[in-house]
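*Asks:* Taken in order, these protein sequences are the chains called W and E. Take the position in the first sequence, starting the count at 1, then add 161; the result is the number in our numbering. Take the position in the second sequence, starting the count at 1, then add 243; the result is the number in our numbering. Backbone N, C-alpha and C fix where the C-beta goes; we use that ideal spot for every residue, glycine too. If you scroll down you'll find the structure; I have some questions about it.
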Amino acid sequence: ILELRLVQATLFKNVLEAISDLFSKANFDFSGTGLELQAMDTSHVALVALLLRAEAFNHYLCDRDLSMGLNLADMAKAFRCANNDDIITIKAEEDWSDTVTFTFESPEDGEISIFDFDFVGTNGVPLEIPEFPESEYQAKVRMPSAKFMRICKKLSSFGDSGDRDTVVIISVDKECVNFFTRGKTGTSTIVCRQTQTVDKPKEPTLIEMKEQVSLAFDLRYMNSFSKGSTLSDQVTISLSSNLPAVFEYKIAETGYIRYYMLPRIEE
Amino acid sequence: GKTQLRMEAFYSFN
């Protein structure tokens, strides 16, 4: 039996908002450890992996590992009907009926909404994602997640030439990270320097560079990842020319959301 | 240019 409760719907609402526009289906793995979610976009260029440890829930009971594929668009729709302070209950029964029940209960007026989701197939996930050693990455950038979101918005507004495939080039050189994109009639570069942590200890931009690195990505994907900012104050971007880039948001003490993206290669 | 590689090239199936 699986029975989970969260006294505030916000966390789950934010998770769904952070993944549902780019990923249509996800695999949810429930175990004694917690919930592990994985999804891949249809072109297999981006992957999201989420961990919410059992401690993230107010009540967590999972006496047998359970893996289910769910449609994220439908879930996002249901969660948009939930208020931030609704109590969520997630239940799946022993009889393997291939459905999971999400219940939203308003603590104020006692109204209860019940959604049953059928399991769907998730082709290609879950994958075994190893933690590559730090030395495999040429550069790491940590910055406030709100700043990263602002950068993505600026680049999108400039790079929006009606072409869905606007490319952003991220390059790290010494103590600077540059975001570069091309618009219809010009280019745009946003330069972020490492900030002194003394002035604003809570919002540092930190750059660790082993080698200069410059990689091209789809801006559309990066823009979508930046929605992870509702889950964490900081984002860490790990860059390597040999591995997928990782955009990681730590969720308090209880887990993380990691987006993996492959750079574009010129043919 | 196009991305030629897919995620599966880096990560294995469970």
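Pick helix, strand or coil for W/G416, following the three-state DSSP scheme.
*Replies:* Counting from 1 along the first sequence, the entry for residue 416 of chain W is found at position 255. Strand at W/G416.
*Asks:* In angstroms, rounded to a whole number, what distance separates the CA positions of W/Y420 and W/A210?
*Replies:* For this step, residue 420 of chain W is matched to residue 259 along the first sequence. For this step, residue 210 of chain W is matched to residue 49 along the first sequence. Roughly 6 Å separates the two Cα atoms.
*Asks:* Can the beta-carbon of W/S390 be found less than 8 Å from the beta-carbon of W/M310?
*Replies:* What you label residue 390 of chain W is simply residue 229 of the first sequence in a count that begins at 1. What you label residue 310 of chain W is simply residue 149 of the first sequence in a count that begins at 1. Going by C-beta atoms, W/S390 is nearer than 8 Å to W/M310.
*Asks:* Measure the Cβ-Cβ separation of W/D451 and W/F278 and say whether it is below 8 Å.
*Replies:* For chain W, the structure presents residues 162 to 428; residue 451 of chain W sits outside this window and is missing.
*Asks:* How many Å lie between W/E369 and W/K308 at the Cα?
*Replies:* The sequence position of residue 369 of chain W within the first sequence is 208, counting from 1. The sequence position of residue 308 of chain W within the first sequence is 147, counting from 1. In a straight line, the C-alpha of W/E369 is about 18 Å away from that of W/K308.
*Asks:* Is W/L227 near W/I180, with beta carbons less than 8 Å apart?
*Replies:* On the first sequence, position 66 is the one that residue 227 of chain W refers to. On the first sequence, position 19 is the one that residue 180 of chain W refers to. Cβ atoms of W/L227 and W/I180: not closer than 8 Å.
*Asks:* Could you give the DSSP three-state label for W/S375: helix, strand or coil?
*Replies:* Residue 375 of chain W sits at position 214 when you count from the first residue of the first sequence. In the structure shown, W/S375 sits in a strand (DSSP, three-state: E or B).
*Asks:* Is it buried or exposed for W/E289, if we count other Cβ within 10 angstroms and need 16 for buried?
*Replies:* Numbered from its first residue, the first sequence carries residue 289 of chain W at position 128. Counting Cβ neighbours within 10 Å, W/E289 comes out exposed, since fewer than 16 surround it.
*Asks:* Mind checking whether W/T342 and W/S349 have CB atoms under 8 Å apart?
*Replies:* Position 181 of the first sequence, counting from 1, holds the residue named residue 342 of chain W. Position 188 of the first sequence, counting from 1, holds the residue named residue 349 of chain W. Yes, these two residues count as a Cβ contact at 8 Å.
*Asks:* In three-state DSSP terms, what is W/V176?
*Replies:* Mapped onto the first sequence, residue 176 of chain W falls at position 15. Looking at W/V176 - three-state DSSP - the assignment turns out to be helix.
*Asks:* Compare the C-beta of W/L423 with all C-beta atoms of chain E and state if any pair is closer than 8 Å.
*Replies:* Against the first sequence, residue 423 of chain W aligns to sequence position 262. At least one chain E Cβ lies under 8 Å of W/L423.
*Asks:* Closest to W/E336 by C-alpha separation, out of W/N284, W/K301, W/A413 and W/M422, would be which residue?
*Replies:* In the first sequence, residue 336 of chain W corresponds to position 175, counting from 1. Checking every option, the nearest Cα to that of W/E336 belongs to W/K301.
*Asks:* Could you name the residues of chain E that W/L233 contacts, counting a contact when the two beta carbons are closer than 9 Å?
*Replies:* Within the first sequence, residue 233 of chain W is the residue found at index 72, counting from 1. Chain E residues near W/L233: none, gap ~18 Å exceeds 9 Å.
*Asks:* Nearest chain E C-beta to W/M445 closer than 8 Å, yes or no?
*Replies:* The question about residue 445 of chain W has no answer here: the residues shown for chain W are numbered 162 through 428.
*Asks:* Tell me which residues share the same chain as W/A237 and place their Cβ nearer than 6 Å to its Cβ, disregarding the 5 neighbours each side in the sequence.
*Replies:* Position 76 of the first sequence holds residue 237 of chain W. Cβ within range, chain order: L177 and S181.
*Asks:* What does DSSP give as the partner residues of W/H220 in its beta bridges?
*Replies:* On the first sequence, residue 220 of chain W is found 59 positions in, with the first residue counted as 1. Per DSSP, W/R166.
*Asks:* Taking the alpha helix (DSSP H) that W/G320 belongs to, which residues open and close that run?
*Replies:* Numbered from its first residue, the first sequence carries residue 320 of chain W at position 159. Note, W/G320: alpha helix (DSSP H), S306 to G320.
*Asks:* What in chain E is Cβ-close to W/M201, meaning under 7 Å?
*Replies:* Within the first sequence, residue 201 of chain W is the residue found at index 40, counting from 1. Those are M250, listed as they occur along chain E.
*Asks:* Check whether the Cβ of W/P294 lies closer than 8 Å to any Cβ atom in chain E.
*Replies:* Position 133 of the first sequence, counting from 1, holds the residue named residue 294 of chain W. By this cut-off, W/P294 is not an interface position.
*Asks:* Over what stretch of residues does the alpha helix (DSSP H) that includes W/L423 continue unbroken?
*Replies:* The residue you call residue 423 of chain W lines up with position 262 of the first sequence. Taken as a continuous stretch (DSSP letters only), W/L423 belongs to no alpha helix (DSSP H), as it is neither H nor E.
*Asks:* Skipping 5 residues on each side, what residues in its chain have a beta carbon closer than 7 Å to that of W/Q169?
*Replies:* The sequence position of residue 169 of chain W within the first sequence is 8, counting from 1. N245 and D246, listed in sequence order.
*Asks:* Relative to the alpha-carbon of W/A217, which residue among W/L163, W/S204, W/E364 and W/Y417 has its alpha-carbon at the smallest distance?
*Replies:* The residue labelled residue 217 of chain W in the question sits at position 56 within the first sequence. It is W/Y417.
*Asks:* Give me the Cα-Cα distance between W/T366 and W/L167, rounded to the nearest whole angstrom.
*Replies:* Along the first sequence, read from residue 1 onward, the residue named residue 366 of chain W stands at position 205. Along the first sequence, read from residue 1 onward, the residue named residue 167 of chain W stands at position 6. About 33 Å.
*Asks:* Are W/L316 and W/V333 touching if we call contact CB-CB under 8 Å?
*Replies:* Mapped onto the first sequence, residue 316 of chain W falls at position 155. Mapped onto the first sequence, residue 333 of chain W falls at position 172. Not closer than 8 Å, so no.
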